[in-house]
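Read in order, the letters of the sequence shown are residues -21 to -1, 1 to 343 in mature numbering (1 follows the signal peptide of the UniProt record, and there is no 0). These notes are about the structure you will find just below.
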Amino acid sequence: MKLQRSGLVAGIALTATIALTGCGSDNEAPTASGAASADTSSCVSGSLTAQGSTAQKNAMDEWIKAYQTQCSDSKVDYQGTGSGAGIEAFIAGTADFAGSDSALKEDEQPQADAKCPDGKALNLPMVIGPIAVVYNVDGVDGLQLSSSTIAKIFAGTITKWNDAAIAAENTSAKLPDATIETVHRSDESGTTDNFTKFLSKTAEADWSFANAKAWKAPGGTGAAKSDGVASKVKSTPNTISYVELSFAENSDLQKAKIKNGAGEYTELTGESAGKTFENATVKGTDGDLALDLDYATTTPGAYPIVLVTYEIACSKGSPKAKEIQSFLKYTSSTAGQTALAELGYAPLPEALRAKVETSVAAIS
């Protein structure tokens, strides 16, 4: 059954009050009706070049359109090249800021910091995007999967749709004697990083490939970017993959119910995704807001596979600091977050949004 985007947003907005315990640390976007306007008092003339996460591409398209309408002397070009490519471009100095579905890794942080004279590269959470496990199996609705079974499928241990492990979790389903074709991102992706992080933290015995932006498991079919994954699953019978919710919704793909740490098979809804964020913690310091998500959450009713896309930007020293600050002031504002309402994303919970807004205000 297709989720209603407005219901998703309303659910997350109401339930995702993150316990932010700071311990130091593509597809053409549908237009959101009634998208809130940018604050023209913050407009800065100039241009920005950015790239990265395809999971947030639809959000970026909407933000850019609204921002440039109000700030007519400003231009923002965002290309959905994938999180890995975006970070590489930021480090190489060919992107003014980058979008990533994962915070900077330990080996990436110093390289990114080096592009920020007298400052550092910040991880600024901007978009909540639950990850759907999508599938195309004729006659199978409401598929239920545990992390162990998902891990075995993508590791190639389970190869048939009527495998005993899948059948045990779907006793009323008519599973075909068909070979499973797994689909993964062929480019480096934060969506892949978050999906494999979920597997590595919740199905360690069945997933030996750790987590990374690049797909490590053998076999399967690679597809470029989020829209490529969605298109491949949509057009190919007996496939299964993972993709950020907005792309699953745009392609009207079937979404599996996922077993959480409380032992429940949970449908991806606004309320269930929001409950996973209740236990998120901020692990960054000094304006950096990298989050630690609890993929093994035991919160009843929680959907455990979620991601947050980050904007990677310099705290100080960027030659485009004023332009970056102006645009990110809009995306992190209540107005900017409201603009995501019909795109399959969710607004940042207010406690987190306020922290992002404060970090953006300090960019210089």
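Note that the Cβ used here is the ideal one computed from N, Cα and C, for glycine as well.
So, is residue 29 buried or exposed, given that buried needs 16 or more other C-beta atoms within 10 angstroms? Against the sequence shown, residue 29 aligns to sequence position 50. Residue 29 counts as buried, since no fewer than 16 other beta carbons sit within 10 angstroms of its beta carbon.
Closest to residue 156 by CA distance: which of 118, 271, 192, 134 is it? Stepping through the sequence shown from its first residue, residue 156 is reached at position 177. Residue 156 has its Cα closest to that of 118, out of 118, 271, 192, 134.
Where does residue 120 sit, in a helix, a strand or coil, going by DSSP? Translated into the one-based positions of the sequence shown, residue 120 becomes position 141. Residue state, collapsed to three classes: coil.
Answer yes or no: does any C-beta atom of chain B fall closer than 7 Å to that of residue 301? The structure shown contains no chain B; it is built from a single protein chain.
Over what stretch of residues does the alpha helix (DSSP H) that includes residue 63 continue unbroken? For the purposes of this step, residue 63 is taken as residue 84 along the sequence shown, with counting starting at 1. Residue 63: member of the alpha helix (DSSP H) spanning 62 to 71, first to last residue.
Starting from the Cα of residue 278, find the closest Cα among 238, 295, 203 and give me that residue. What you label residue 278 is simply residue 299 of the sequence shown in a count that begins at 1. It is 238 whose Cα lies nearest to the Cα of residue 278.
Within 10 angstroms of the Cβ of residue 326, are there 16 or more other Cβ atoms? Answer buried if so, exposed if not. Reading the sequence shown from its first residue, position 347 is the one you call residue 326. Burial call: buried.
Bridge partner(s) assigned by DSSP for residue 113: If you number the sequence shown from 1, residue 113 lands on position 134. Answer is 220, 234.
If residue 168 and residue 61 are in contact, beta carbons under 8 Å, what's the gap, nearest whole angstrom? Reading the sequence shown from its first residue, position 189 is the one you call residue 168. Reading the sequence shown from its first residue, position 82 is the one you call residue 61. Correct: roughly 5 Å between the Cβ atoms.
Please determine, among 139, 123, 158, the residue with the shortest C-alpha to C-alpha distance to residue 150. In the sequence shown, residue 150 corresponds to position 171, counting from 1. Ranking the options by Cα distance to residue 150, first place goes to 123.
Given that a residue counts as buried once 16 or more other Cβ atoms are within 10 Å of its Cβ, and exposed if not, what is residue 98? Working through the sequence shown from its first residue, we reach residue 98 at position 119. Burial call: buried.
What are the uninterrupted segments assigned as beta strand (DSSP E) that are 3 or more residues long and contained completely in the segment 291 to 324, given in chain order? none
With distances taken Cα to Cα, identify the nearest neighbour of residue 83 among 104, 72, 73. Along the sequence shown, read from residue 1 onward, the residue named residue 83 stands at position 104. Ranking 104, 72, 73 by Cα distance to residue 83 puts 104 first.
Per-residue DSSP class, three states only, for residue 339: Working through the sequence shown from its first residue, we reach residue 339 at position 360. Here residue 339 carries a helix assignment [DSSP, helix/strand/coil].
How long is the line joining the alpha carbons of residue 274 and residue 145, rounded to whole angstroms? Looking up residue 274 in the sequence shown gives position 295. Looking up residue 145 in the sequence shown gives position 166. Residue 274 and residue 145: Cα-Cα distance of roughly 21 Å.
Say whether the segment 278 to 288 touches the segment 229 to 246, bearing in mind that this needs 3 or more beta-carbon pairs closer than 8 Å, one atom from each stretch. Counting Cβ pairs under 8 Å, three or more are found: they touch.
Are at least three pairs of beta-carbons, each pair with one atom in the segment 309 to 316 and one in the segment 125 to 145, less than 8 Å apart? no
Once you ignore the five residues that flank residue 304 on each side, which residues in its own chain have a CB closer than 7 Å to its CB? Counting from one through the sequence shown, the residue named residue 304 turns up at place 325. Around residue 304: 339, 342.
Given that a residue counts as buried once 16 or more other Cβ atoms are within 10 Å of its Cβ, and exposed if not, what is residue 337? Against the sequence shown, residue 337 aligns to sequence position 358. Residue 337 should be labelled exposed.
Going by other Cβ atoms of all chains shown within 10 Å of its Cβ, with 16 needed for buried, is residue 78 buried or exposed? One-based indexing of the sequence shown puts residue 78 at position 99. Residue environment: residue 78 is assigned as buried (16 or more neighbouring CB atoms within 10 Å of its CB, all protein chains considered).
How about the segment 23 to 37 and the segment 279 to 295: do they share at least three Cβ pairs that are nearer than 8 Å? yes
What's the C-alpha gap between residue 152 and residue 120? As a first step, residue 152 is located in the sequence shown; it is residue number 173 there, counting from the start. As a first step, residue 120 is located in the sequence shown; it is residue number 141 there, counting from the start. Approximately 8 Å, taken between the alpha carbons.
Compute the beta-carbon to beta-carbon distance between residue 139 and residue 161, rounded to the nearest angstrom, for a pair I have assumed lies under 8 Å. On the sequence shown, position 160 is the one that residue 139 refers to. On the sequence shown, position 182 is the one that residue 161 refers to. Not quite, the Cβ-Cβ distance comes to about 12 Å (not below 8 Å), so this is no contact.
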